[in-house]
Structures are given as C-alpha cells and as structure tokens.
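Student: Each protein sequence line maps, in turn, to chains A and B. Mapped onto my numbering, the consecutive letters of the first sequence carry residue numbers 1 to 333. Mapped onto my numbering, the consecutive letters of the second sequence carry residue numbers 334 to 545. Take a look at the following structure, please.
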Amino acid sequence: MKKLINDPVAIVDEMIEGYTAAYSGYVRQLEQNRRSVVRAQPPRPGKVGVVIGGGSGHEPAFMGLIGQGFADGVPVGNVFASPPPDPIVEVTKAVDAGAGVLYMYGNYAGDCMNFDMAAELAGMEGIRVETVRVTDDVASAPQDRAERRRGIAGGFLVFKAAGAAADLGLPLEEVVRVATKANDQTRTMGVALSPCSVPQTGKPSFELAEDEMEIGLGIHGEPGVEKGRLKSADEVTDLLVTRILEDMPLAAGDRAAVLVNGLGSTSYMELFVVYRRAASRLEELGVQISRSFVGEFVTSLEMGGCSISVMKLDDELQTMVDHPADTPMYVQK
Amino acid sequence: MKLTVTEWKELFCLIAERIEENKDRLSELDRAVGDGDHGVTMSIGWQAIVKKLEESQGADCGAVCKEMAMTFLNAVGSSVGPLYATAFLRGASLLQGKEELTEEDVVAFWQAAVSGIQERGKAQIGDKTMLDAWLPAMQALEQARMQGRGLAECMEEAAAAGEQGMKATALLVPQVGRSSRLGERAVGHLDPGAASASIILTAFAEGLRKTT
C-alpha cells in the first residue's frame with residue numbers, strides 16, 4: 001500500500017502537529033503531554049468536560065471533533081491502540097471546569113483498561129469522572145450480551161448527544177444519563193469491501209477477493225463476522241438496515257437520525273447511493289428521518305466500505321442531535 | 334543463585350531482543366484475529382524499556398520494575414500496556430529495596446506479575462488470551478519449585494508449559510478482547526498475546542541459563 005509517510009514511528013505525532021497547526025483557533029496540544037489535544041479556549045466554568053478518544057487511524061474521529069457542542073479534549077493513542085493513562089489524565093485536568101468530566105469511547109478491552117486507570121488517577125486529584133462506553137455495533141455480539149458489543153461509527157451520534165448536553169449546561173449525572181440513553185438508542189451495522197494497512201506493517205489487515213465483502217466489520221481492519229459475495233448497493237443497504245431493525249425495531253411515527261459513514265476510501269457518490277436506499281426503507285415503514293449525516297466520521301485508515309447507524313429519537317435526543325456544533329471537522333448550524 | 338540489579342536488567346533486555354526478532358511473526362498472527370499490530374505494539378513497548386534501562390537510575394530491582402511498568406504503559410497504551418504494566422508493578426512491590434534477588438524472590442515476582450495480569454484483564458483460563466500461556470507456566474513453576482529444583486530449571490519447565498498452553502490456544506474460541514467478536518472464526522489461529530507471553534517466558538529462561 002502506497003502512503004505518504006516520513007517515519008511510521010513518528011506518524012501519529014506528526015499528524016497531531018499538523019492538525020493543531022491547521023486549526024490553532026480551535027485546538028491546542030498540551031505541554032505536559034503532546035498526545036493530549038484540547039480546545040484552544042479555556043474551559044467554561046461549571047460546564048461538564050467531555051473527553052472522547054481512542055486510537056488514531058479513525059480521523060476525523062476523535063480529535064477532529066473538539067469544539068463547541070462536542071468534545072473538550074481528546075487523548076490520542078497509537079494507530080488503532082488505546083492511549084495510555086498519562087495523556088488521558090492530562091486532558092482530564094485541562095478540561096475539568098469544576099463540574100466533573102465524562103469519558104466516552106468505544107467498548108474495547110484496551111480503551112476500557114487505560115481509561116479506567118486514568119479515571120482512578122484523576123479521582124486521586126479530586127476530579128469526578130464518569131464513563132459511558134459506546135456499544136453500537138450489532139454484529140459484534142448478540143442482543144442478550146449487548147453490553148459486550150464494540151463501538152463503531154454510531155459513536156459519533158452518541159458523542160454528539162453528550163457534547164450537546166454538556167454545552168446546554170446539564171450537570172454530570174444528567175450528561176451521563178443522556179449519553180447512556182443515546183447509546184442505548186443507537187445501532188450500527190457495517191460492511192467492508194477492501195482492507196486497510198497500518199503504517200508500521202504496510203500489510204493489508206485482511207484479504208478479500210474481488211467479488212467478496214466482509215460483513216460486520218470492525219473499525220480496526222479486524223475481520224468481520226462473515227464473508228459474503230459482493231452485491232449491489234441496494235442489496236447491501238437492505239442487509240445492513242434489516243440487521244439494525246431486527247435489533248431495534250422501528251414503527252410508523254418513530255423519529256430517527258441516520259448516519260452513513262465511509263470507512264476511508266469509499267466515495268461520497270457510493271455513500272449517497274447507500275443513503276438513498278436506507279432512507280427509503282425507513283420511510284416505507286413510516287419512520288421520520290429528522291436528521292441525516294452522510295460522509296466520513298469514523299474511518300479505518302483507507303478501508304473501503306461503509307456503515308449505517310440509526311439513532312431512535314425522543315424529544316430530548318432530538319434536541320441534542322439538533323444542537324449546534326462547531327469543530328474543525330464537523331460544523332452544524 | 335542470586336541476581337544482581339545488572340543481571341536482572343539484562344534478563345529483560347534479552348526479552349526485548351527476542352520480541353524484536355519475532356515482531357513480524359506476532360503481527361502476522363494478529364492479522365488473522367485482530368488488527369495485525371501486536372508485534373508492532375510489543376516492539377514499541379519493549380524497545381522503550383531497553384532505552385529506559387540503559388539510562389536507568391533505579392538502584393534496586395523493585396525500582397527497575399517500576400520504571401519498566403510505567404515506560405511500557407506510556408509507550409503503548411493498547412490492552413497489553415495496562416496488562417504488563419500492572420504485572421510489573423505488582424512484581425515491583427515485592428522487590429522494593431532489593432539490590433540482590435534470591436531464587437524465591439524471582440518466583441514470587443512472576444507469580445505476583447501473573448495475578449496482576451489476571452486481575453486487570455479479568456480473563457479466565459481457556460478464554461484464548463495471554464493467560465493461556467501464563468497460567469500453565471505458573472503452575473509448572475510452582476510444581477518444579479515444590480520438587481526442590483533450581484530456579485533456572487524451574488523457569489525452563491515454566492517456559493515449556495507456557496509454550497504448550499500457547500499452542501493449545503489454536504483450539505479455543507476467544508471469550509474476551511477484540512478477537513472475541515470473531516467467535517468460531519478465530520478457531521485454528523494462535524492467540525497473539527499468548528504467543529508473545531511464551532516468547533517472554535522462553536527468553537527469561539534462556540537468560541537465566543546464561544547467567545548461571
């Protein structure tokens with residue numbers, strides 16, 4: 001795989017330097033730890049600090065989403081690897097404005113352990129930390145073990161809801177409640193058409209024949225749950241939407257937010273074709289799509305493929321999803 | 334047999350050397366069941382340890398272990414970061430202030446280290462994780478010790494049991510960690526974490542044999 005790289009070992013640090021230089025009005029790196037990225041402006045007194053994170057390779061997630069109505073800080077890990085506790089703790093201290101801090105990340109063993117260790121360390125410094133783990137991937141565990149599911153692109157919607165709740169001035173326990181509800185009401189199902197390669201090995205993460213697709217993929221190039229023969233955009237969309245609806249039934253009159261996420265090398269042209277079908281499937285059921293997101297939100301380097309996320313909305317989640325956001329990589333008026 | 338601080342450090346440098354040699358193989362194993370970077374992650378962590386040990390001011394074996402723990406953790410994060418950092422920290426607490434280690438100290442170090450991994454990761458034997466190498470190794474270590482054998486021989490027994498445990502992971506369906514989402518599809522593949530655990534055990538036994 002051809003890539004523009006100076007040194008695979010330095011790639012994450014160089015990316016952060018470039019990003020913070022490009023968007024210096026929004027974000028800055030902390031002196032204490034260069035892997036800690038926070039909002040350029042000091043935290044608003046009394047606002048809950050929202051920390052999202054995980055490994056790198058998912059850009060624009062996570063550090064692209066720092067700004068008003070979204071996250072306050074992001075500790076950045078190596079490619080597809082959780083950040084260690086140190087940058088998490090530094091971000092926590094920087095974004096705490098006296099109202100406590102919420103950690104949100106995808107439910108992976110590494111992230112859970114590192115963020116838990118960081119929460120303990122921050123607690124020893126007198127900062128209240130709560131955690132909500134994103135578990136939107138229906139393919140990753142059956143419904144009766146939904147708490148074991150991993151977090152993928154639906155995290156964008158969950159982070160957004162929590163970021164809005166914090167921006168509206170809700171106290172920590174309320175932000176936790178909104179984030180938990182947002183996660184409970186969000187489902188994602190994805191498909192991969194081509195693998196990605198991590199900069200350090202340069203090797204594709206899995207192999208797929210020209211006419212194959214990998215269903216229920218992860219966002220780290222890990223294989224999906226099953227392989228299948230590549231089908232048309234509508235057929236693939238039907239498959240994804242059906243799996244989501246089996247897991248979270250929607251009925252006439254329900255409202256939903258829909259997110260079609262590109263994994264890194266799938267064209268917007270294809271993503272809109274997928275959205276077209278997903279929207280018509282939901283509309284046939286009488287579901288009202290009150291907000292849509294189509295584009296690259298949580299990528300997996302240059303993986304090919306996409307995922308569909310659906311968040312079932314009540315009035316409160318609708319407010320959160322509609323709340324304005326102003327970040328380097330996502331702006332909503 | 335007694336180990337000085339310098340000898341103790343050398344043992345861990347040898348582990349780093351063996352990990353480096355097996356880096357590509359470990360990533361290759363991880364490609365089958367994970368994101369294909371286990372060798373890269375282990376290499377980053379162990380190379381950071383070597384660098385730290387070269388400039389280390391740690392006057393006793395406990396201080397050295399503590400330095401290793403924090404260095405490894407902050408270099409890699411990931412899931413192996415907290416697991417091995419917890420292991421070394423648990424081990425460090427037993428070796429505090431010791432400038433020379435007895436055979437009993439080394440046995441106690443490994444046992445504390447492995448229970449640290451177990452507590453942090455909350456995995457059980459048979460879950461297809463690094464513990465499927467570590468736990469049988471510790472059992473063998475304890476048995477060999479009870480039979481009154483010397484440390485070097487005991488660690489060789491442990492390494493052999495660890496290797497066997499590692500090989501047996503091919504038959505297992507993963508229950509925790511990233512590969513657990515693959516379910517049956519992971520059967521037939523070795524667990525990369527167990528593979529690197531086996532390398533650590535074997536390298537440590539090899540180093541002890543050289544020291545004696």
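All residues carry an ideal CB built from backbone N, CA and C; glycine is no exception.
Could you tell me the distance, in whole angstroms, from the CA atom of A:P324 to the CA atom of A:A164?
Tutor: For this step, residue 324 of chain A is matched to residue 324 along the first sequence. For this step, residue 164 of chain A is matched to residue 164 along the first sequence. Spanning the two alpha carbons is a distance of roughly 8 Å.
Student: So B:S531 contacts chain A; which residues on that side make the cut at Cβ distance below 9 Å?
Tutor: Walking along the second sequence from the start, residue 531 of chain B turns up at place 198. Within chain A, no residue comes near B:S531; the closest Cβ sits about 20 Å away, beyond 9 Å.
Student: Taking DSSP as the reference, what is the three-state secondary structure of A:R242?
Tutor: As a position in the first sequence, residue 242 of chain A is number 242, starting the count at 1. Inspection of the sequence shows that residue 242 of chain A is occupied by Thr rather than by Arg. In this structure, A:T242 counts as helix in the three-state DSSP scheme.
Student: How would you list, in chain order, the residues of chain B whose beta-carbon sits under 8 Å from the beta-carbon of A:A109?
Tutor: For the purposes of this step, residue 109 of chain A is taken as the residue at position 109 of the first sequence. Here the neighbours are S412, G454, V509, G510, R511.
Student: Assuming contact is defined by CB atoms lying nearer than 8 Å, are A:V101 and A:G49 in contact in what I supplied?
Tutor: The residue labelled residue 101 of chain A in the question sits at position 101 within the first sequence. The residue labelled residue 49 of chain A in the question sits at position 49 within the first sequence. Yes, Cβ-Cβ distance for A:V101 and A:G49 is below 8 Å.
Student: Let me check understanding here. Comparing Cα to Cα, which of A:I152, A:K93, A:G190, A:F80 lies closest to A:G73?
Tutor: Along the first sequence, one-based indexing puts residue 73 of chain A at 73. Closest by alpha carbon: A:K93.
Student: Return the chain-ordered ranges of every alpha helix (DSSP H) run that is complete within the stretch 119 to 193 of chain A and spans a minimum of 4 residues.
Tutor: Taking only runs of at least 4 residues, the alpha helix (DSSP H) segments lying wholly in the stretch 119 to 193 of chain A are 155 to 167, 172 to 184.
Student: Name, please, each residue of chain A whose Cβ falls closer than 9 Å to the Cβ of B:L406.
Tutor: Within the second sequence, the letter at position 73 stands for residue 406 of chain B. Within chain A, the residues near B:L406 are P84, P85, D86, N114, M117.
Student: Going by other Cβ atoms of all chains shown within 10 Å of its Cβ, with 16 needed for buried, is A:S24 buried or exposed?
Tutor: Counted from its first residue, the first sequence places residue 24 of chain A at position 24. Looking at its Cβ environment, which holds fewer than 16 other Cβ atoms inside 10 Å, A:S24 is exposed.
Student: Buried or exposed: where does A:M1 fall if 16 or more other Cβ atoms within 10 Å of its Cβ makes it buried?
Tutor: Position 1 of the first sequence, counted from the first residue, corresponds to residue 1 of chain A. Exposed is the call here.
Student: Expressed to the nearest angstrom, what Euclidean distance is found between the alpha-carbon atoms of B:R518 and B:D393?
Tutor: For this step, residue 518 of chain B is matched to residue 185 along the second sequence. For this step, residue 393 of chain B is matched to residue 60 along the second sequence. When rounded, the distance between both Cα atoms is 46 Å.
Student: Output, in sequence order along the chain, the residues in the stretch 447 to 476 of chain B whose CB is closer than 8 Å to any CB in chain A.
Tutor: Those would be R453, G454, in chain order.
Student: Taking the runs of the alpha helix (DSSP H) that are 4 residues or longer, which of them lie wholly in the stretch 240 to 304 of chain A?
Tutor: Counting whole runs of 4 or more residues, the stretch 240 to 304 of chain A contains the alpha helix (DSSP H) stretches 268 to 284.
Student: Express the C-alpha separation of B:G481 and B:E436 in angstroms, rounding to a whole number.
Tutor: As a first step, residue 436 of chain B is located in the second sequence; it is residue number 103 there, counting from the start. As a first step, residue 481 of chain B is located in the second sequence; it is residue number 148 there, counting from the start. The straight-line gap from Cα to Cα measures roughly 11 Å.
Student: Please report the distance separating the alpha-carbon of A:V95 from that of A:R39.
Tutor: Residue numbering aside, residue 95 of chain A sits at position 95 when the first sequence is read from its first letter. Residue numbering aside, residue 39 of chain A sits at position 39 when the first sequence is read from its first letter. For A:V95 and A:R39, the distance between alpha carbons rounds to 8 Å.
Student: According to the neighbour-count rule (16 or more other Cβ atoms, all chains shown, within 10 Å of its Cβ), is A:R229 buried or exposed?
Tutor: Working through the first sequence from its first residue, we reach residue 229 of chain A at position 229. That one is exposed.
Student: Assign B:C398 to one of three DSSP states: helix, strand, or coil.
Tutor: Taking the first residue of the second sequence as position 1, residue 398 of chain B is located at position 65. Helix at B:C398.
Student: Output, in chain order, the set of chain A residues within a Cβ distance shorter than 7 Å of B:P415.
Tutor: Here residue 415 of chain B corresponds to residue number 82 of the second sequence, with the count starting at 1. Within 7 Å Cβ-Cβ: M113, N114, M117.
Student: Just the chain B side, please: which residues come within less than 8 Å of A:G264 by C-beta, in chain order?
Tutor: The residue you call residue 264 of chain A lines up with position 264 of the first sequence. Going along chain B, no residue has its Cβ under 8 Å from A:G264, so there is no contact; the nearest lies around 14 Å.
Student: List the residues of chain B whose Cβ lies closer than 7 Å to the Cβ of A:S205, in chain order.
Tutor: Taking the first residue of the first sequence as position 1, residue 205 of chain A is located at position 205. Under the 7 Å cutoff, chain B gives R364, D368, G369.
Student: When you compare the CB positions of A:S56 and A:N33, do they come within less than 8 Å of one another, or not?
Tutor: As a first step, residue 56 of chain A must be located in the first sequence, where it is residue number 56. As a first step, residue 33 of chain A must be located in the first sequence, where it is residue number 33. No, these two residues do not count as a Cβ contact at 8 Å.
Student: Assuming A:G54 contacts A:F62 (C-beta within less than 8 Å), just tell me the rounded distance between them.
Tutor: Position 54 of the first sequence holds residue 54 of chain A. Position 62 of the first sequence holds residue 62 of chain A. Confirmed, about 6 Å.
Student: Based on the DSSP secondary-structure assignment, which residues constitute the bridge partners of A:A306?
Tutor: Along the first sequence, one-based indexing puts residue 306 of chain A at 306. Residue 306 of chain A is actually Cys in this sequence, not Ala. In the DSSP output, where bridge partners are listed per residue, A:C306 has A:V191, A:G262.
Student: For chain B, check one thing: does any of its Cβ atoms lie closer than 8 Å to the Cβ of A:V198?
Tutor: Residue mapping note: residue 198 of chain A aligns to position 198 of the first sequence, counting from 1. So, interface residue.
Student: Using CA coordinates, which residue listed in A:R149, A:E31, A:K312 is at the minimum distance from A:L217?
Tutor: As a position in the first sequence, residue 217 of chain A is number 217, starting the count at 1. Ranking A:R149, A:E31, A:K312 by Cα distance to A:L217 puts A:R149 first.
Student: Look at the alpha carbon of A:L240 and the alpha carbon of A:G305, and state the distance between them as a whole number of angstroms.
Tutor: Stepping through the first sequence from its first residue, residue 240 of chain A is reached at position 240. Stepping through the first sequence from its first residue, residue 305 of chain A is reached at position 305. C-alpha separation (whole angstroms): 12 Å.
Student: Which chain B residues are close to A:F80, counting only those with a beta carbon under 8 Å from its beta carbon?
Tutor: Position 80 of the first sequence, counted from the first residue, corresponds to residue 80 of chain A. Residues of chain B passing the Cβ test: D368, D370.
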